[in-house]
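Engineer: Right, I'll just put the structure down here and ask away after.
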DNA sequence: TCTGGTCATGTTAGCGCTAATATGATTATA
DNA sequence: TATAATCATATTAGCGCTAACATGACCAGA
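Encoded structure:
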């Protein structure tokens, strides 16, 4: 920077201003500075800028997994909003673990992020304590909170699970199973919604639930279908906690010659890209992941600018997509 | 840091050493320093560390898209190697554009990354020039290079396309179409491989190629299938440039009542997670994306440590996975 | 003509850390 | 016991930038 300043014959401060607050430098001078910077191949040093200004122009995003498209879609939404504003995203991967999140948060705080985007609300006690002591704006994604001191953008996972289950009940299904893997916070809540809907209809039966802590995948969905059919051979519909599992189940039914939805209806959660295209097309709960990322980023941006957002909690809802893997039970 | 030093009664330098080079501080003292740091909630400031040491412990990774799982898998591999070594990854999204990459590279250089991981070799002239002038170790991912001054980890996209096409020819297919979207560097090369194989068998016909610049998706694969059938109704096999398109084609065939592979064989590229599970299961070229990320990161790590890797170019190959969407033409 | 305001630019100091070097204490060797 | 080598810790200076304030030029209005 000093070189550029010398070349143009101004002080370093003026060069700094020419980059950060161009309107506070005379037009002609600014152009000369920019030309000199280009000639010399000068690029500002972010670390120095950060150190001097106490702003990092960086936000830390903590997600459970890099390979689950649900979170990548969210990150893409965040990126879309933050990148044009000059903010850099640091992605931390917690591996669905509270301890992992705790350690990562510590690591990422060393980068002095200006803001924090966290997944879910099920943080460890230590994480919550640390967050409370932090002066960094934080927005929680994917779920809803009624606490006025917490910023959240998401949807009610419980109501999502409940809505899908109710819809299946309306369609005449009675022995509706719930099949879940991974068992993170959101999965548990979808199960809770399922349970409420079944109980309010007087249909609840613990034997219709199959929960596994193993990671979700299409292949594992196929396996869980087998297990569920063994556990509750009389089930007439299966609600999978996510679309990966449900897609695996569809393929497995096809192999086994199980008619979907006539013999067995299948429903998923998330509405992944492939779900509208499988044969039969998957009935699922569409979640606005990309919008969650966008809106969470926008909310964080407001906070970074010192504005209070209108709402502390933004509910982006969900949509039950009835496709071909469910029908009407007569 | 000064607070911690004062509390323990040592100099700031000793606190710094206790964190960065723990073995150069006496055991008991180190423990007291760590205890004091914990008490005071001290976390090192990376920006200051970076400024003072001229090392950012950061590497910039430029990928074309965040939503294409191919690149995310690669990033996951990079992350797996780099995270335990204390390196932070900065992800830049070029949007499949050379200009985008050029601008991003400039932006990311402001962070003074210790290393660079770029996708492909088809960078703009300006990017190549800039890279040459840079003292930052750089590894190119996904493709191969025979230039001794370039580090690359990947596979031969041309040979991948050629191998699959040859296999189809061996299986008796004669009117093999090539269907591509997105038309990035890798797609073009796969097409080149297809063309070589068709030409060497004397089967090449320009009318069997369908290239579209639009982004790939399952839905677009379905549409391209329709277009291809209109363009070359006599085709007996279709080689899609990636699995998204191929999966869309499988579903579309199912809807149209086209027997796969009897009336029409289908092949893809990449071997995405779902491809082994579709019905019929997709014949495709499996690419070691995760390993590419891991190995590229390892190679970069060697370079960062001042070691010359044994090879400048690491070929991780590919595997033709013959599944159910192709058979034998009699 | 003077006063006060506005604007463009300059000066000073310091952000939090670490490289390089200095210092002093301890240990090994002759 | 003297000397050198080794180790643990301290001191100094500076990484590249920007906040805060200072300066001086210019202009409007009385």
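Chains as they are written, first to last, in the working numbering: chain G, 28 to 357; chain H, 28 to 357. Note that CB positions come from ideal geometry on N, CA and C, so glycine has one too.
Could you tell me whether the region 79-92 of chain G touches the region 126-138 of chain G, using the rule of 3 or more Cβ pairs below 8 Å?
Structural biologist: yes
Engineer: Buried or exposed: residue 304(H), going by 16 or more other Cβ atoms within 10 Å of its Cβ?
Structural biologist: With 16 or more other Cβ atoms within 10 Å, it is buried.
Engineer: Work out the CA separation of residue 182(G) and residue 267(G) for me, nearest whole Å.
Structural biologist: 18 Å
Engineer: Should residue 91(G) be flagged as near chain H, meaning a C-beta pair shorter than 8 Å?
Structural biologist: no
Engineer: Touch check for the region 313-322 of chain G and the region 269-281 of chain G: three-plus C-beta pairs under 8 Å?
Structural biologist: As far as the Cβ criterion goes, the region 313-322 of chain G does not touch the region 269-281 of chain G, which means the pair count is below three.
Engineer: From residue 137(H) to residue 73(G), what distance separates their C-alpha atoms?
Structural biologist: 6 Å
Engineer: Give the residues of chain H in contact with residue 117(G), contact being defined as C-beta atoms less than 7 Å apart.
Structural biologist: 115
Engineer: Please list the partners that residue 297(G) has in chain H, where partner means a Cβ-to-Cβ separation under 7 Å.
Structural biologist: By Cβ distance, chain H contributes nothing, its closest Cβ being about 14 Å from residue 297(G), past 7 Å.
Engineer: Could you list which residues in chain G have their beta carbon closer than 7 Å to that of residue 272(H), in chain order?
Structural biologist: Going along chain G, no residue has its Cβ under 7 Å from residue 272(H), so there is no contact; the nearest lies around 12 Å.
Engineer: According to the neighbour-count rule (16 or more other Cβ atoms, all chains shown, within 10 Å of its Cβ), is residue 67(G) buried or exposed?
Structural biologist: exposed
Engineer: By the three-class DSSP mapping on this structure, what secondary structure does residue 108(H) have?
Structural biologist: helix
Engineer: Is it true that the CB of residue 255(G) sits closer than 8 Å to the CB of residue 312(G)?
Structural biologist: no
Engineer: Under a three-way DSSP split, which group does residue 274(G) fall into?
Structural biologist: helix
Engineer: Could you tell me whether the Cβ atoms of residue 251(G) and residue 208(G) are closer together than 8 Å?
Structural biologist: yes
Engineer: With a CB to CB cut of under 8 Å and the five nearest residues on each side skipped, what residues in its chain are close to residue 102(G)?
Structural biologist: 88, 90, 116, 118, 320
Engineer: Out of curiosity, what's the CA-to-CA distance linking residue 338(H) and residue 186(H)?
Structural biologist: 20 Å
Engineer: Taking only the alpha-carbon atoms, compute the straight-line gap between residue 128(H) and residue 120(H) and give it to the nearest angstrom.
Structural biologist: Linking residue 128(H) to residue 120(H) through their CA atoms gives a straight-line distance of about 8 Å.
Engineer: Alpha carbon to alpha carbon, how far is residue 263(H) from residue 281(G)?
Structural biologist: 25 Å
Engineer: Please report the distance separating the alpha-carbon of residue 42(G) from that of residue 75(H).
Structural biologist: 22 Å
Engineer: Residues in the same chain with beta-carbon distance under 8 Å from residue 153(G), minus the five sequence neighbours each way, listed in chain order, please.
Structural biologist: For residue 153(G), where only same-chain residues beyond five positions count, the Cβ hits under 8 Å are 129.
Engineer: Compute the distance between the beta-carbons of residue 105(G) and residue 300(G), then report whether it is under 8 Å.
Structural biologist: no
Engineer: With three or more beta-carbon pairs closer than 8 Å as the criterion, would you say the region 221-231 of chain H touches the region 191-207 of chain H?
Structural biologist: yes
Engineer: Can you pull the chain H neighbours of residue 72(G), defined as C-beta to C-beta under 8 Å?
Structural biologist: Residues of chain H with a Cβ closer than 8 Å to the Cβ of residue 72(G) are, in chain order, 78, 137, 139.
Engineer: Please confirm if the region 332-348 of chain G is in contact with the region 51-63 of chain H, defined as three or more CB-CB distances below 8 Å between the two stretches.
Structural biologist: no
Engineer: How many Å lie between residue 69(G) and residue 94(G) at the Cα?
Structural biologist: Within the model, the alpha-carbon separation for residue 69(G) versus residue 94(G) is close to 37 Å.
Engineer: Checking 8 Å against the spacing of the C-beta atoms, do residue 195(G) and residue 353(G) come in under that value?
Structural biologist: yes
Engineer: Taking C-beta pairs closer than 8 Å, name the residues in chain G that residue 126(H) reaches, listed in chain order.
Structural biologist: Neighbours of residue 126(H) in chain G, taken as residues whose beta carbon is under 8 Å from its own, are absent, since the nearest beta carbon is some 15 Å off.
Engineer: Cβ closer than 9 Å: which chain G residues qualify as neighbours of residue 306(H)?
Structural biologist: 277, 278, 281, 282, 306
Engineer: Ordered along the chain, which non-local residues of its own chain (more than five positions away) have a Cβ less than 8 Å from that of residue 375(G)?
Structural biologist: The requested residue 375(G) is not part of the displayed model; chain G covers only 28 to 357.
Engineer: Since residue 100(G) meets chain H, which of its residues come closer than 8 Å, beta carbon to beta carbon?
Structural biologist: The CB of residue 100(G) comes closer than 8 Å to the CB of 94 in chain H, given here in chain order.
Engineer: Which residues in the same chain as residue 356(H) place their Cβ atom closer than 7 Å to its Cβ, once the five residues preceding and following it in sequence are excluded?
Structural biologist: 198, 199, 200, 263
Engineer: Name the DSSP bridge partner or partners of residue 262(H)?
Structural biologist: Answer is none; residue 262(H) lacks a bridge partner.
Engineer: How far does the alpha helix (DSSP H) with residue 320(G) in it reach, from first residue to last?
Structural biologist: 316-331
Engineer: Report yes if the C-beta distance between residue 83(H) and residue 139(H) is below 8 Å; otherwise report no.
Structural biologist: yes
Engineer: Could you pull the DSSP bridge partners for residue 178(G) from this structure?
Structural biologist: 166(G)
Engineer: What are the residues of the region 246-259 of chain G that lie near chain H, defined by any Cβ-Cβ distance shorter than 8 Å?
Structural biologist: 246, 249
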